[in-house]
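Peer 1: After the C-alpha cells below, expect a handful of questions from me.
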Amino acid sequence: MFTTLLIEQLLNGLQLGVMLFLMAAGLTLIFGVMGLINLAHGSLYMIGAFACATVAAATGSFWIGLIASLAAAAGVGAIIEVAVIRRLYDRDHLDQVLATFALILILSEGARWLFGSFPLYLDIPPQLQGAVALPGGGQYQLYRLAIIGVGVAVAAGLYLLISRTRLGMRIRAGESDREMIGALGVDIGTLYTVVFALGAALAGLAGALVGALQSVQVGMGEPVLILAFVVIVIGGIGSIKGALVGAVIVGVVDTMGRFLLPSLLALTMPASQATTIGAALASMLIYVVMALILAFRPSGLFSAQS
Amino acid sequence: MNRILAASVFGLSLATSSLAYAEPVKIGVITTLSGGGAGLGIDMRDAFTLAMKQSGNKDMELVIEDDAQKPELAVQIAEKMIQGDKVDLMTGIIWSNLAMAVVPNTVAQDVIYLSPNAGPSALAGANCNPNYFNVAYQNDNFHEAMGQYANKDYKNAFILAPNYPAGKDALTGFKRYYKGALAGEIYTQVGQTDYAAEIAQIRASGADSVYFFLPGGMGIAFMKQYAQSGVGIPVTGPGFSFSQDVLPAIGDAAIGVKNSATWSKDLDNEANKTFVEAFKAEYKRLPSIYAAQSWDTANLILAALSKADVKDKDAFRAALKAADFKSVRGEFAFNNNNHPIQNVYIREVVKEDDGVLTNKIIATAFEHHKDAYAEKCGM
Chain H
48 MFTTLLIEQL LNGLQLGVML FLMAAGLTLI FGVMGLINLA HGSLYMIGAF ACATVAAATG
108 SFWIGLIASL AAAAGVGAII EVAVIRRLYD RDHLDQVLAT FALILILSEG ARWLFGSFPL
168 YLDIPPQLQG AVALPGGGQY QLYRLAIIGV GVAVAAGLYL LISRTRLGMR IRAGESDREM
228 IGALGVDIGT LYTVVFALGA ALAGLAGALV GALQSVQVGM GEPVLILAFV VIVIGGIGSI
288 KGALVGAVIV GVVDTMGRFL LPSLLALTMP ASQATTIGAA LASMLIYVVM ALILAFRPSG
348 LFSAQS
Chain X
65 MNRILAASVF GLSLATSSLA YAEPVKIGVI TTLSGGGAGL GIDMRDAFTL AMKQSGNKDM
125 ELVIEDDAQK PELAVQIAEK MIQGDKVDLM TGIIWSNLAM AVVPNTVAQD VIYLSPNAGP
185 SALAGANCNP NYFNVAYQND NFHEAMGQYA NKDYKNAFIL APNYPAGKDA LTGFKRYYKG
245 ALAGEIYTQV GQTDYAAEIA QIRASGADSV YFFLPGGMGI AFMKQYAQSG VGIPVTGPGF
305 SFSQDVLPAI GDAAIGVKNS ATWSKDLDNE ANKTFVEAFK AEYKRLPSIY AAQSWDTANL
365 ILAALSKADV KDKDAFRAAL KAADFKSVRG EFAFNNNNHP IQNVYIREVV KEDDGVLTNK
425 IIATAFEHHK DAYAEKCGM
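Residue numbers (the working numbering), protein chains in the order written: chain H, 48 to 353; chain X, 65 to 443.
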C-alpha cells in the first residue's frame, strides 16, 4: 500500500514540476535573452485559462479552447511587448518590476471587467476523463499523466528549437551578447517580440491545462508565478535546462513534503498537532531548499551567465 | 422683509429637522472584492447594498472597501474607516483570519461590528464583546451539523480543511459530534489549488467518506480533481464547499452531495422568497449563503435603526440584540454571546429543470442550535 502511495505522490510531484516548467521556461527565456524581469507572466497564464474556458464553452471542444489559449496568450504577449516592455529594456530591474506589476493589476481588473469575479467552468476533455491503473495496483488520473506527457514534449521541443534552428541560434546569441547580434544585422526587435510571445504562449498553455483541473478565476496566476520564480532561481536564471531540473525539484519536494512531514511528525507528537505543524513546515520547505541550494551554488544549478 | 423672515423660518426648520435626523448613519463595509475569494465578497456586497436600496432609507452612507483577502490591508482600511470616515458601524469581512485581525481592535474602540460571515471561536467564548454581533454563525456550527449527520452512514471519515482559524474551527466542530473513527486529518494551505497529494492520501487511507471544508476556488479545485481521481468514496462538506458561488464551476461532479447550512434557496418563509426574487431580478444570478447572511445583516441594522439612535450606543446595542427583523433563515435570535441561535439544515445538490445546479433541503440537523463557546462568555 505504501509503495503505491509513494509512486502516486512521485507522479503528483512530477506533474506539478512539469506544469511549473511550462511557466518557468518562458520566464527564464525572457530573462535570459532580454534581461527582463516579467512579473506579468502569471497574468498570461490566467489569460490562457480564460481563453480556453471561454472558447471551450462556446464551441464545446476543449481542444479548440487549447489552441485559443495559445493564440490568446501569444497575442497578448506580443502586444504587451510592443506596447510596454520594449520601453523597459534599457531601464534597471526596479523599473521593470514596477511596470510589469502594473500590468498584473491592469490585466487582472481587465479580466474581472470582461468575465466577472465568479470562477468559470472548464472541464477535462472526454478523452482524458477518469483514472488509469498503475503497475503495482494503484490508480492515477489520466489527465495528470497527459500533462506530464505534454511537459516532456514541450521540453524536447524547446531543446530542438534552441539547439537546432536558426531562431534558436539567435536566442542563444542574444543570451550571450545582446549588442553584438544587433550589430550583426539580426532584427533584434522582432526577435524580442517572438521570444516574448513564445514565453507567453507556454504560460497560456500551462494555464489552460491547469484550468481544467483547478478553477479558472482572476488572480489564479500569482501563486504559480511565485513558485516559477523559485524554480528559475534554483535552476539558474536564463537556463532552460535549469528550469526543467528546478521545476522537477520544486514539484517533488513540495508534494513529498506535504505528504511525508505530517506523518513523520506524528511519530513524536499527537496527530492533530502534527498535522498543523507539518502543514506549516511543508509550506516553507521549498524555500528552505532554495536557500540551501543558493548557499552552495549562489547562481543556481545551471546558470547561463557563468 | 417677509422674504428674510420666511428664509429664516425655513432655515430654523432645517436646523431642527437635522437635529431629529442628525447626520446620515455611516456604515463601513470591508470585504473581499478582488483575488481568488472575490466571489464571496461580491455576493456579500451586492446583497447588502440591495437590502439598503430596497429599504428606501435615505439617511445611510456606505463606505465600501476591498481587503483583497489580506489581513494587513483589512487592518489599515479599518483604521481609516474608524479614524478618518468616523463610521458608526462596521461589517463585511468574509474570512476568519481577517476578522481576527480587525474585529478585536475595532470593538475595543467602541465601534459596533456586525459579522456577515466569519465567526471564529476565539471571539465567541471568553473574548466575546458587547460591540461584536455575529449575524451569520459561529464557525463550528455547519460542521457540527455534518458531523452529527455523518454518524448515520459513516464510521471512518477522512477530514480536511485549510490551515487558518475557520479551518481549525471546522474540523473541531465536525469532531465534536462525529462519533466514528478518523481515517486521516489534513490541514492544507489557504489558497491552495492542487490537491493531488491530499487525494492520494485519501485513496490510501481506507476511509469510507471524505469531509472537506474548502470555501471559494479551493473547493472548486478539490471537487474537480477528486471526481477525476477515481477514488469514489462519498464526499460531504459544509454548505460553503457547495455554495451557489462555486456550484456552476464545479459542474455535475457535485450532484447528490450532502452539505450543511443554515440557509437554502428553497427555505420556506416569506422573507426568503422576497430575498431570492429580489436578488435574482437585480443581479440575474442565484444568491449564495454569503448573500443571504449579508441580507440579514442589512435588515438587522435597518430594524435596529428604526428603534434607536445609532449614536446612543447602549440603546442601539439593545435594539440589535433584540433581533427584531424578518430573517431569511426563519427563526433567528441572539444568544448571550451575540451569536445566533438558529436551525442548521442538511442540503443536497440537485440539478433543476433549467440545468442550474443548486441546493435543496432534505433534513434538519439541529433546531435552535447554540454554539459550544457561549457558556464561556461573561455577557
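Backbone N, C-alpha and C fix where the C-beta goes; we use that ideal spot for every residue, glycine too.
As the structure is a prediction and not an experimental result, all values here were calculated from the model.
Assuming Leu-67 of chain H and Leu-274 of chain H form a contact by the criterion Cβ under 8 Å, report the distance between their Cβ atoms to the nearest whole angstrom.
Peer 2: Residue 67 of chain H sits at position 20 when you count from the first residue of the first sequence. Residue 274 of chain H sits at position 227 when you count from the first residue of the first sequence. That pair is a contact at about 6 Å.
Peer 1: Could you tell me whether the Cβ of Lys-216 of chain X comes closer than 8 Å to any Cβ of chain H?
Peer 2: For the purposes of this step, residue 216 of chain X is taken as residue 152 along the second sequence, with counting starting at 1. So, not an interface residue.
Peer 1: For chain H, check one thing: does any of its Cβ atoms lie closer than 8 Å to the Cβ of Ile-410 of chain X?
Peer 2: Against the second sequence, residue 410 of chain X aligns to sequence position 346. For Ile-410 of chain X, the answer is no, since every Cβ of chain H falls outside 8 Å of its Cβ.
Peer 1: Gly-60 of chain H by DSSP, collapsed to three states: which one?
Peer 2: In the first sequence, residue 60 of chain H corresponds to position 13, counting from 1. Correct three-state label for Gly-60 of chain H: helix.
Peer 1: Cβ closer than 7 Å: which chain H residues qualify as neighbours of Pro-312 of chain X?
Peer 2: Here residue 312 of chain X is taken as the residue at index 248 of the second sequence, counted from 1. Residues of chain H passing the Cβ test: Tyr-168.
Peer 1: Tell me which residue opens and which closes the alpha helix (DSSP H) that Met-93 of chain H is part of.
Peer 2: The sequence position of residue 93 of chain H within the first sequence is 46, counting from 1. Per DSSP, Met-93 of chain H belongs to the alpha helix (DSSP H) from 88-106.
Peer 1: Check whether the segment 370-384 of chain X touches the segment 418-427 of chain X, taking contact to mean three or more Cβ pairs, one atom from each stretch, closer than 8 Å.
Peer 2: Flag = no, the segment 370-384 of chain X and the segment 418-427 of chain X do not touch.
Peer 1: Taking the continuous alpha helix (DSSP H) assigned at Ser-98 of chain X, which residues delimit it?
Peer 2: The residue labelled residue 98 of chain X in the question sits at position 34 within the second sequence. Counting along the chain, Ser-98 of chain X falls outside any alpha helix (DSSP H), and DSSP gives it neither H nor E.
Peer 1: Between the segment 95-112 of chain X and chain H, which residues of the former have a C-beta closer than 8 Å to a C-beta of the latter?
Peer 2: Per Cβ criterion, the list reads Leu-97, Ser-98, Gly-99, Gly-100, Ala-102, Gly-103, Ile-106.
Peer 1: Quick check on Leu-339 of chain H: buried or exposed, where buried means 16 or more other Cβ atoms within 10 Å of its Cβ?
Peer 2: Here residue 339 of chain H is taken as the residue at index 292 of the first sequence, counted from 1. It counts as exposed.
Peer 1: Quick check for students: name the residue ranges of the beta strand (DSSP E) that lie wholly in the segment 357-419 of chain X, counting only runs of 3 or more.
Peer 2: With a minimum length of 3 residues, the continuous beta strand (DSSP E) runs that stay inside the segment 357-419 of chain X are 404-415.
Peer 1: Output the boundary residues of the beta strand (DSSP E) element that contains Pro-302 of chain X.
Peer 2: Your numbering for residue 302 of chain X matches position 238 in the second sequence. Per DSSP, Pro-302 of chain X belongs to the beta strand (DSSP E) from 299-302.
Peer 1: Tell me, please, whether the CB atom of Arg-217 of chain H is closer than 8 Å to any CB atom in chain X?
Peer 2: Locating residue 217 of chain H in the first sequence gives position 170, where the first residue counts as 1. Chain X, which has no Cβ nearer than 8 Å to the Cβ of Arg-217 of chain H, makes this no.
Peer 1: By a C-beta neighbour count over all protein chains shown, 10 Å radius and 16 as the cutoff for buried, is Leu-167 of chain H buried or exposed?
Peer 2: Working through the first sequence from its first residue, we reach residue 167 of chain H at position 120. It is buried - the Cβ of Leu-167 of chain H has at least 16 other Cβ atoms within 10 Å.
Peer 1: Out of X:Leu-162, X:Gly-101, X:Cys-441, state which residue places its alpha-carbon closest to the alpha-carbon of Gly-280 of chain X.
Peer 2: Start at 1 with the first residue of the second sequence, and residue 280 of chain X comes out as number 216. Of the listed residues, the one whose Cα sits closest to Gly-280 of chain X is X:Gly-101.
Peer 1: Check the Cβ of Tyr-190 of chain H against every Cβ in chain X and list those closer than 8 Å, keeping chain order.
Peer 2: Residue mapping note: residue 190 of chain H aligns to position 143 of the first sequence, counting from 1. Per Cβ cutoff of 8 Å: Gln-292.
Peer 1: Should Val-335 of chain H go down as buried or exposed, given a rule of 16 or more other Cβ atoms within 10 Å for buried?
Peer 2: Sequence index remark: in the first sequence, residue 335 of chain H carries index 288 (1-based). So Val-335 of chain H counts as exposed.
Peer 1: How would you write the range of the beta strand (DSSP E) that Ile-263 of chain X sits in, first residue to last?
Peer 2: What you label residue 263 of chain X is simply residue 199 of the second sequence in a count that begins at 1. No beta strand (DSSP E) contains Ile-263 of chain X, which is instead part of the alpha helix (DSSP H) from 260-269.
Peer 1: Helix, strand or coil: how does DSSP classify Leu-260 of chain H here?
Peer 2: The residue given as residue 260 of chain H occupies position 213 in the first sequence. In the structure shown, Leu-260 of chain H sits in coil (DSSP, three-state: anything other than H, G, I, E or B).
Peer 1: Can you tell me which of the three DSSP states Gly-183 of chain X falls into?
Peer 2: Position 119 of the second sequence, counted from the first residue, corresponds to residue 183 of chain X. Three-state DSSP puts Gly-183 of chain X in coil, outside helix and strand.
Peer 1: What residue does the alpha helix (DSSP H) around Val-295 of chain H start on, and which one ends it?
Peer 2: The sequence position of residue 295 of chain H within the first sequence is 248, counting from 1. Segment 287-312, the alpha helix (DSSP H) holding Val-295 of chain H.
Peer 1: Which residue's Cα is closest to the Cα of Asn-220 of chain X: X:Asp-272, X:Ile-319, X:Val-89, X:Ala-436?
Peer 2: Along the second sequence, read from residue 1 onward, the residue named residue 220 of chain X stands at position 156. Comparing Cα positions, the closest option is X:Asp-272.
Peer 1: With 16 other CB atoms within 10 Å as the buried threshold, where does Ala-235 of chain H fall?
Peer 2: The residue you call residue 235 of chain H lines up with position 188 of the first sequence. According to the sequence shown, residue 235 of chain H is Ile rather than Ala. Counting Cβ neighbours within 10 Å, Ile-235 of chain H comes out buried, since at least 16 surround it.
Peer 1: Alpha carbon to alpha carbon, what distance is there between Glu-87 of chain X and Ser-77 of chain X?
Peer 2: Within the second sequence, residue 77 of chain X is the residue found at index 13, counting from 1. Within the second sequence, residue 87 of chain X is the residue found at index 23, counting from 1. Residue placement at Ser-77 of chain X cannot be trusted, given a pLDDT of 48 that sits under 50; what the coordinates show is reported in the next sentence. Going from the Cα of Ser-77 of chain X to the Cα of Glu-87 of chain X covers about 16 Å.
Peer 1: What is the DSSP secondary structure of Val-166 of chain X, reduced to helix, strand or coil?
Peer 2: Against the second sequence, residue 166 of chain X aligns to sequence position 102. Of the three classes helix, strand and coil, the one that applies to Val-166 of chain X here is helix, per DSSP.
Peer 1: From the beta carbon of Met-81 of chain H, is the nearest beta carbon of chain X less than 8 Å away?
Peer 2: Looking up residue 81 of chain H in the first sequence gives position 34. No, no contact with chain X.
Peer 1: Under 7 Å from any heavy atom of the ligand MG, does the C-beta of Glu-395 of chain X make it?
Peer 2: Absence of the ligand MG is noted for the structure shown, with no ligands found whatsoever.
Peer 1: If you follow the alpha helix (DSSP H) that Gln-143 of chain H is in, where does it begin and where does it stop?
Peer 2: Along the first sequence, read from residue 1 onward, the residue named residue 143 of chain H stands at position 96. Where Gln-143 of chain H is concerned, the enclosing alpha helix (DSSP H) stretches over 140-162.
Peer 1: Just checking: is the beta-carbon of Thr-422 of chain X within a distance shorter than 8 Å of some beta-carbon in chain H?
Peer 2: For this step, residue 422 of chain X is matched to residue 358 along the second sequence. Closer than 8 Å: no.
Peer 1: If you compare alpha carbons, which of H:Val-144, H:Glu-128, H:Ile-153 is closest to Met-93 of chain H?
Peer 2: Counting from one through the first sequence, the residue named residue 93 of chain H turns up at place 46. If we check each option's Cα against that of Met-93 of chain H, H:Ile-153 comes out closest.
Peer 1: Considering Cα atoms alone, identify which of X:Val-151, X:Asn-227, X:Ala-268, X:Ala-225 is closest to Glu-55 of chain H.
Peer 2: Locating residue 55 of chain H in the first sequence gives position 8, where the first residue counts as 1. Among X:Val-151, X:Asn-227, X:Ala-268, X:Ala-225, the Cα nearest to that of Glu-55 of chain H is on X:Ala-268.
Peer 1: Below 7 Å CB to CB, which residues in the same chain sit around Ala-115 of chain H once its five sequence neighbours on both sides are set aside?
Peer 2: Taking the first residue of the first sequence as 1, we reach residue 115 of chain H at position 68. Ala-98, Cys-99, Val-102, listed in sequence order.
Peer 1: Buried or exposed for Glu-262 of chain X, going by 16 or more other Cβ atoms inside 10 Å?
Peer 2: If you number the second sequence from 1, residue 262 of chain X lands on position 198. Its Cβ being crowded by 16 or more others within 10 Å, Glu-262 of chain X is buried.
Peer 1: Does the CB of Val-265 of chain H have a neighbour CB from chain C at under 8 Å?
Peer 2: Here chain C cannot be found, since the structure's protein chains are H and X.
Peer 1: Any C-beta of chain H sitting closer than 8 Å to the C-beta of Ala-285 of chain X?
Peer 2: As a position in the second sequence, residue 285 of chain X is number 221, starting the count at 1. By this cut-off, Ala-285 of chain X is an interface position.
Peer 1: Would you list the residues sitting across from Phe-430 of chain X in a DSSP beta bridge?
Peer 2: Looking up residue 430 of chain X in the second sequence gives position 366. Bridge partners of Phe-430 of chain X: X:Val-408.
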